Amino acid sequence: MIALRGELGSGKTSFARAFIRARLAESIEVPSPTFTLVEIYGGESDLPIWHFDLYRLSAAAEARELGFEEALGEGISLIEWPERLGPLLPAERLDLTFGAGPTPGSRTVAAAASPSWHNRIEGLRGV
Ligand SMILES: Nc1ncnc2c1ncn2[C@@H]1O[C@H](COP(=O)(O)OP(=O)(O)OP(=O)(O)O)[C@@H](O)[C@H]1O
Ligand SMILES: [Mg+2]
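Sequential numbering of the sequence shown, starting at 428, is according to this note's numbering.
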C-alpha cells in the first residue's frame with residue numbers, strides 16, 4: 428500500500444490520478460473520493476487499484492466496511508489521510524508526503540519505505 432500524506436490541497440489526489448492513469452488508461456476519470464471514501468479501478472485482467480480518501484472516516488473500524496482488508500489482499504491501495512486508520516495502518520508501506528515547493532504552485536514529495544518496500548525499490552535499481 429502507498430500512503431499519501433500532506434496537508435489539504437498538497438497534491439495527494441493529483442498523484443493518485445496520475446498513477447491510476449499511467450497504470451490503466453489516460454482516459455480514465457479519477458474523481459476525488461472525498462464523499463465516497465473509496466473508488467476502485469481496473470480489475471479483471473489488471474491488478475485493481477483502490478483509491479481511498481479517509482479524511483471523513485469517523486472511526487478506524489469503519490475502514491473495514493469500505494473493504495480495506497480486501498484491498499490490501501488483492502491489489503494496490505493508494506490511501507489519502509492514512510493517519511485516520513490509527514492502529515489498522517499496515518507497517519509495510521510506502522509513505523509519500525507532499526508539501527509546498529520552493530516556487531509558487533510547485534510541490535515537493537518525500538518518500539519513506541518500510542523494509543519490504545525498501546527491498547523492492549533496491550531490486551528495481553539493480554535491473
Ligand atoms: N505536482 C503539482 N504541482 C502543482 N500543482 C499541483 C500538483 N499537484 C496538485 N496540484 C494542485 O493542487 C491542488 C490540490 O490538489 P489535490 O486535490 O491533488 O490535493 P489533495 O492533497 O488531494 O487535497 P485533499 O487533502 O483535499 O484531498 C489542485 O488545484 C492541483 O491542481
Ligand atoms: Mg485529495
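A virtual CB, placed ideally from N, CA and C, is assigned to each residue, including glycine. Bear in mind the structure is a predicted one, so any value in this text is a computation, not a measurement.
Inclusion of E507 in the 7 Å shell around ligand 1 follows from its C-beta lying nearer than that to a non-hydrogen atom of the ligand. Within the model, the alpha-carbon separation for E471 versus T530 is close to 42 Å.
Membership of L551 in the alpha helix (DSSP H) is indicated by the continuous run P542 to G553. Between R432 and L493, the gap from beta carbon to beta carbon reaches 8 Å or more. Rounded to whole angstroms, the gap between the alpha carbons of S504 and G532 is 27 Å. Between ligand 2 and the CB of T463, the shortest heavy atom gap is not smaller than 7 Å.
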